[in-house]
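Chains as they are written, first to last, in our numbering: chain A, 1 to 381; chain B, 382 to 762; chain C, 763 to 1143.
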Amino acid sequence: MLSAAENDFYTQVGPGTPAGEMLRRYWHPIALSNEIRNRPLRRRILGEDVVLFRDDRGRLGLLVLRCSHRGTSLEFGHMEDGGLRCCYHGWLYDIEGRILEMPGEPPDSTFKQRLRHPAYKAQELGGLIFAYLGPDPAPLLPRYDVLAREEGVRARRARTVNCNFFQMIENSVDQNHLKWLHRTAKTPTWDDGEINPQPFEYGILNTYTRRVANKRYAHINYFVMPTMNKTGNVEEGHPTEHRASSSGEVMRWRVPVDDTHAMHFTVEFGAVVDGQPVARIMKDDSDQGLVETEFGVYRWDDSIGWFARGDQDRVAQESQGAIYDRGTEHLAYTDRGVILLRRLYKESIEAVQNGRDPIGVIRDPAKNKLIRLIPREEVLD
Amino acid sequence: MLSAAENDFYTQVGPGTPAGEMLRRYWHPIALSNEIRNRPLRRRILGEDVVLFRDDRGRLGLLVLRCSHRGTSLEFGHMEDGGLRCCYHGWLYDIEGRILEMPGEPPDSTFKQRLRHPAYKAQELGGLIFAYLGPDPAPLLPRYDVLAREEGVRARRARTVNCNFFQMIENSVDQNHLKWLHRTAKTPTWDDGEINPQPFEYGILNTYTRRVANKRYAHINYFVMPTMNKTGNVEEGHPTEHRASSSGEVMRWRVPVDDTHAMHFTVEFGAVVDGQPVARIMKDDSDQGLVETEFGVYRWDDSIGWFARGDQDRVAQESQGAIYDRGTEHLAYTDRGVILLRRLYKESIEAVQNGRDPIGVIRDPAKNKLIRLIPREEVLD
Amino acid sequence: MLSAAENDFYTQVGPGTPAGEMLRRYWHPIALSNEIRNRPLRRRILGEDVVLFRDDRGRLGLLVLRCSHRGTSLEFGHMEDGGLRCCYHGWLYDIEGRILEMPGEPPDSTFKQRLRHPAYKAQELGGLIFAYLGPDPAPLLPRYDVLAREEGVRARRARTVNCNFFQMIENSVDQNHLKWLHRTAKTPTWDDGEINPQPFEYGILNTYTRRVANKRYAHINYFVMPTMNKTGNVEEGHPTEHRASSSGEVMRWRVPVDDTHAMHFTVEFGAVVDGQPVARIMKDDSDQGLVETEFGVYRWDDSIGWFARGDQDRVAQESQGAIYDRGTEHLAYTDRGVILLRRLYKESIEAVQNGRDPIGVIRDPAKNKLIRLIPREEVLD
């Protein structure tokens, strides 16, 4: 059980909060590349309202939402003349927040040199736009394999979730829920299994061992700080096959919008060897943009008599409450991954408070050529 | 006029509030029997979220909503294996909150014996499910005639009301509104009448005397603690007939959902004598379940040029505000029923605070064979 | 930049607030005449809920919303017997708040003489209903030309805006936004221009000088305390013509509903000389009543590739936030109108606090025959 103060410690994401400051030391996806079109895109991330755009020279800009002049939203601005121009009185900003024009100011005014609009960094990789809201110098944007590998096909998907991000990542370090929340006709034949979460360079290495059809299998995947996991699916027909709709390697990000909402980004990569796809991957939904979901509304799947596989995690997570009050939880032996996650968060928050980088931040280009994390299913006996 | 503290005293229903603790000493309807189907039913009552279900042995269970493990809502659980199983990690609860299974715990773990999930009592009578949220020992579930009489037909109806329950029960001890709020072409011919509310064993005996068509009639009905009333309608064509759509005996419950919402349950009973119905009763709407209404949205009846009879009370009650601020009220001679109601509430609250039962609680089975309350219309001259 | 306390000073409108008390010294439109029909009309103005009606003798009444008896909304009352009768228990109020009947009170009761329901004043002019919520004696209802002139045609329009009124009136003293917010294919050929706001008897005389098609034009219009402006449009084809849909004289009122909503009333007047209309005016929309708009939802105009002219101000104003936090503003040389507006508000608020009338209040009938304010476009060279 956590006290109210401890619960706040892990769940609050705004500027100046312990976890919020720590999270600001990482790059987070904020949009699909396809969402950047001919109008600025308003987003909310880590409790801050921002506007994302590509200027007329093709550069990505990420500015605080409201105009420094008189507060009108820059989401209604015009992308022109080398920047983003506020619709109200024509102030023109470049992607770094410099004010290029202040129409109507006297010719000798130095006001526009003296003022600077708050701007953040944005970069693109693998069909996602990433944002960095922390202090300079920014670390490197990690080149995770699903984003950076070249010989293959990639699919993306993004949707909102209507609860605090931390209960989402507690789910992803908790392999024990697979048998229950995602139950199928086969899962009752699994034994209860055992999870073995261990710290590794970027977060947590999860091993989930269970007996299926008279063999023991170890399912291995990764939780990557601060909000990601990397998993892979076995092929259809495999004994541990589990209603997966695809068999590529998948990375998922849970990006806090504010304390009670998150964006869930998924990228799947399927290698192509000698012109042949190695895995079947999901459909790319980039053109749908960030799909809004509604709290408490889930798709039903008549074929299994329960909620559809793609909404089951949201059923469990949202119904814990907008911000789950861990003052009533009772952690058990099966929650060792959750306990380790909280330890890593605490260490990372304290690292930031002491002026150091949190776990997994990359600043050495040599380490960032390709971050390869290989999820797998091993037969133990 | 009431001070803000006095207003809170009568209107707050959550755990630990004066009225909330008093209300917890009674059984309240929480659902229609027909609503209990093959999925658990989520409800909110007295400011608490609960889940109602029938286990695979047919027993009713009423548990606090969120799983004791990690807080996922049990409304998404599975009724199986002698209890309700949380969808997230498979913890299995019986109807009394005992934990039958904790999958994945070590074989020698005693955790499931040491933990108990908060559970309340539920009973069924007359097509309603009743809940008791108070301390042990629970009193008897009162066998009011409309619920327990056998030779006859019964109809039920349930809907939500979007305001505090107390302004609803002030309405039911206030016969004076009948002539005005429920006006018809005939009511202007009534004189102003006089109400005479008197305490009786279970609450308030209301007498409303008025002159109609040159005769004086006394309309007699009952307010039953804590939220009910028992009324009857005269037959169509009777001089005091009042647009009633039925002529059976009717009991109504106003069950607080929280401080600003209530559930309104209606049960009508019509005796059948020698195979002939004595009264025409309303249509049974059990299959519709608890009908959600919307604040400020009322059905209009063109035939009377005003709101439909069934929504008129909700017009008056909801428009007093979500919680009527009685700091601006001006009670008059006609409000003696309201004043008596508040006195009975105060006495009952103080009784509970002093360790005694509030008014009308029944613990003697001999008194509970059948609680017969006979509403009637008497000709006085 | 304003401190939080300074921001409150200008933006709060409820009873007892500095600006709220000042605003209560003026008449404000509250409805279109056409909206007063056979049912009472509920409105909210300056943070107070009221009900507007015409009694069965044709007199306008404006009463505080909730019945003095037990708080049911008088919007559901009946207009009859010389007043407005509450639907719940039949208390009958006249337009001045006197209680004409209290059905059921003993014959010798003096309660209805001793109690008085809060009532405000209402008057009609030019197709609008005006309300006065301040202390007696009320000033005169100003006979602005668009309301009181006779030889001509008049059109009216009313809609809600979903933000604080003060950012709306800051917009109306800020001519500098015309070139940018209302940009057309022609506005880029204007020079930046210069505004010259000056105090005058009723508020601010705005002069906006800019070079268009090689000539300098001075556009002259008026801000009228406390929330109005008076403008005129040039005829179609004029060099400074600016997508105006009409060419009459226009007055606009922004009436606070509460701190985060306003009603925007527009009246246009086009003189008719010798039977010929001098100006083309907009369509009268009185029959639509007060049109509700939705925060953040604006009509798009494909012909200009941006929001429709009629919604552009709402785009700029609402997106400043429900109550714009001026703690982040940076006023420039172009904001001299905004600065003067705040000075006049401060002077008017202090005048009221010192027992004097605020700017522009009229008590001398000789001054109120017709208040003629002539907006115009002058060629300077």
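Glycine included, every Cβ here is placed at the ideal spot set by N, Cα and C.
Q.
Can you pull the chain B neighbours of C/Phe873, defined as C-beta to C-beta under 9 Å?
A. Sequence index remark: in the third sequence, residue 873 of chain C carries index 111 (1-based). Those within 9 Å of C/Phe873 in chain B are His711, Ala713 and Tyr714.
Closer than 7 Å by beta-carbon distance: list the chain A residues that pair up with B/Tyr469, in chain order. Numbered from 1 along the second sequence, position 88 holds the residue referred to as residue 469 of chain B. Chain A residues near B/Tyr469: His177, Trp180, Leu181 and Ala316.
Could you pull the start and end residues of the beta strand (DSSP E) that C/His981 belongs to? Walking along the third sequence from the start, residue 981 of chain C turns up at place 219. Its beta strand (DSSP E) spans residues Lys977 to Val986.
- For B/Phe688 and B/Val696, believed in contact at Cβ under 8 Å, the rounded distance: For the purposes of this step, residue 696 of chain B is taken as residue 315 along the second sequence, with counting starting at 1. For the purposes of this step, residue 688 of chain B is taken as residue 307 along the second sequence, with counting starting at 1. Correct: roughly 5 Å between the Cβ atoms.
To the nearest angstrom, how far is the alpha carbon of B/Thr612 from that of B/Asn602? As a working mapping, residue 612 of chain B is identified with position 231 in the second sequence. As a working mapping, residue 602 of chain B is identified with position 221 in the second sequence. If you take the alpha carbons of B/Thr612 and B/Asn602, they lie about 5 Å apart.
**Prompt:** Taking contact to mean at least 3 C-beta pairs separated by less than 8 Å, is the region 903 to 916 of chain C in contact with the region 876 to 894 of chain C?
**Reply:** yes
So which residues of chain D does A/Arg37 contact, with C-beta pairs closer than 7 Å? No chain D is present in this structure, whose protein chains are A, B and C.
Handout entry: Identity of the residues DSSP links to C/Ala920 by a beta bridge
Key = Taking the first residue of the third sequence as position 1, residue 920 of chain C is located at position 158. C/Phe1027, per the DSSP bridge assignment.
### Contact residues within the region 59 to 81 of chain A, judged by C-beta distance below 8 Å to chain C
Arg66, Ser68, His69, Arg70, Gly71, Thr72, Ser73, Glu75 and Phe76
* Asked: Which residues in chain C sit within 7 Å of A/Leu115, going by Cβ to Cβ distance?
  -> On the first sequence, position 115 is the one that residue 115 of chain A refers to. The answer, in chain order, is His1092.
Q. Apart from the five residues on each side of it in sequence, which residues of its chain come closer than 6 Å, Cβ to Cβ, to A/His264?
A. Numbered from its first residue, the first sequence carries residue 264 of chain A at position 264. Result list for A/His264: Arg159, Val161 and Arg254, in chain order.
Which residue or residues does DSSP assign as beta-bridge partners of A/Phe200? The sequence position of residue 200 of chain A within the first sequence is 200, counting from 1. Per DSSP, A/Gly203.
Notebook entry, point to check: From which residue to which residue does the beta strand (DSSP E) around B/Arg405 run?
Noted result: Taking the second sequence and counting its residues from 1, the one referred to as residue 405 of chain B is at position 24. First-last for B/Arg405: undefined, no H or E at that position.
- [ ] With a threshold of 16 other CB atoms inside 10 Å of the CB of C/Asp1036, please say whether the residue is buried or exposed.
- [x] Taking the third sequence and counting its residues from 1, the one referred to as residue 1036 of chain C is at position 274. Result: exposed.
- Item | the region 775 to 791 of chain C / the region 1104 to 1123 of chain C touching (three or more Cβ pairs under 8 Å) | yes
Open item on the list: Between C/Glu867 and chain B, is the shortest Cβ-Cβ distance under 9 Å, so that the two count as touching?
Closed with: Locating residue 867 of chain C in the third sequence gives position 105, counting from the first residue. With 9 Å as the cut-off, C/Glu867 counts as an interface residue toward chain B.
Under 9 Å between C-beta atoms of B/His450 and B/Tyr469
Here residue 450 of chain B refers to the residue found at position 69 of the second sequence. Here residue 469 of chain B refers to the residue found at position 88 of the second sequence. Going by C-beta atoms, B/His450 is nearer than 9 Å to B/Tyr469.
Who are the neighbours of C/Met864 on chain B, taking C-beta pairs under 9 Å? By 1-based counting over the third sequence, the position of residue 864 of chain C is 102. What C/Met864 touches in chain B: Ala713, Tyr714 and Thr715.
message = Can you tell me whether C/Ile861 is buried or exposed? The criterion is at least 16 other CB atoms within 10 Å of its CB, across all chains shown.
response = Taking the third sequence and counting its residues from 1, one reaches residue 861 of chain C at position 99. Burial call: buried.
Quiz item: chain C partners of B/Asp573, CB-CB under 7 Å?
Solution: In the second sequence, residue 573 of chain B corresponds to position 192, counting from 1. What B/Asp573 touches in chain C: Pro865 and Gly866.
- Query: In three-state terms, what does DSSP make of A/Glu318?
  - Reply: Along the first sequence, one-based indexing puts residue 318 of chain A at 318. Helix at A/Glu318.
In or out: A/Met1 buried (at least 16 other Cβ within 10 Å) or exposed? Residue mapping note: residue 1 of chain A aligns to position 1 of the first sequence, counting from 1. Exposed is the call here.
I want to see whether chain A comes within less than 9 Å of C/Phe1151, judged by CB atoms only; does it? Because chain C spans 763 through 1143 in this model, residue 1151 of chain C falls outside it and cannot be assessed.
Original post:
Cα-Cα, which of B/Ala713, B/Leu521, B/Trp681 and B/Val615 is closest to B/Gly741?
Top reply: For the purposes of this step, residue 741 of chain B is taken as the residue at position 360 of the second sequence. Minimum Cα distance to B/Gly741 is reached at B/Leu521.
| field | Whether C/Leu822 touches C/Ala900 by CB criterion (9 Å) | value | By 1-based counting over the third sequence, the position of residue 822 of chain C is 60. By 1-based counting over the third sequence, the position of residue 900 of chain C is 138. No, they are not a contact pair.
*asked:* Buried or exposed for C/Gln1115, going by 16 or more other Cβ atoms inside 10 Å?
replied: As a working note, residue 1115 of chain C is residue 353 in the third sequence. Exposed, because fewer than 16 other Cβ atoms sit within 10 Å of the Cβ of C/Gln1115.
Quiz item: Who pairs with A/Glu249 in a beta bridge, going by DSSP?
Solution: As a working note, residue 249 of chain A is residue 249 in the first sequence. Note: A/Glu249 sits in a beta bridge opposite A/Gly232 and A/Phe269.
* Run through the region 852 to 912 of chain C for me and flag every whole alpha helix (DSSP H) of 4 or more residues, listed as ranges in chain order. => 873 to 876 and 907 to 910
Within 9 Å of chain A by C-beta, residues of the region 1103 to 1121 of chain C in sequence order
none
For B/Pro569, which option in B/Glu575, B/Arg438 and B/Lys560 has the closest C-alpha, if you only look at C-alpha atoms?
Sequence index remark: in the second sequence, residue 569 of chain B carries index 188 (1-based). With distances taken between Cα atoms, B/Pro569 lies closest to B/Lys560.
### Message
Which residues in chain B have a C-beta closer than 8 Å to the C-beta of A/Gly127? List them in chain order.
### Response
For this step, residue 127 of chain A is matched to residue 127 along the first sequence. None at all; the shortest Cβ gap to chain B is about 32 Å.
**Study point:** As assigned by DSSP and simplified to three states, the class of B/Glu456
**Key:** As a first step, residue 456 of chain B is located in the second sequence; it is residue number 75 there, counting from the start. Correct three-state label for B/Glu456: helix.
- Item | Assigned secondary structure, C/Trp942 (DSSP; H/G/I helix, E/B strand, else coil) | Translated into positions along the third sequence, residue 942 of chain C becomes position 180. The answer is helix: DSSP assigns C/Trp942 an H, G or I state.
- prompt: For a contact meaning CB atoms closer than 9 Å, what does A/Ser247 contact in chain B?
  reply: Here residue 247 of chain A is taken as the residue at index 247 of the first sequence, counted from 1. Result: empty, since nearest Cβ-Cβ is about 26 Å, beyond 9 Å.
Check whether A/Asn196 and A/Thr207 have beta carbons under 9 Å apart | If you number the first sequence from 1, residue 196 of chain A lands on position 196. If you number the first sequence from 1, residue 207 of chain A lands on position 207. Yes, these two residues count as a Cβ contact at 9 Å.
query: Can you name, in chain order, every residue of its own chain whose Cβ lies under 7 Å from the Cβ of A/Asp325, other than the five neighbours on each side?
result: As a position in the first sequence, residue 325 of chain A is number 325, starting the count at 1. Excluding positions up to five away in sequence, the list reads Asn7.
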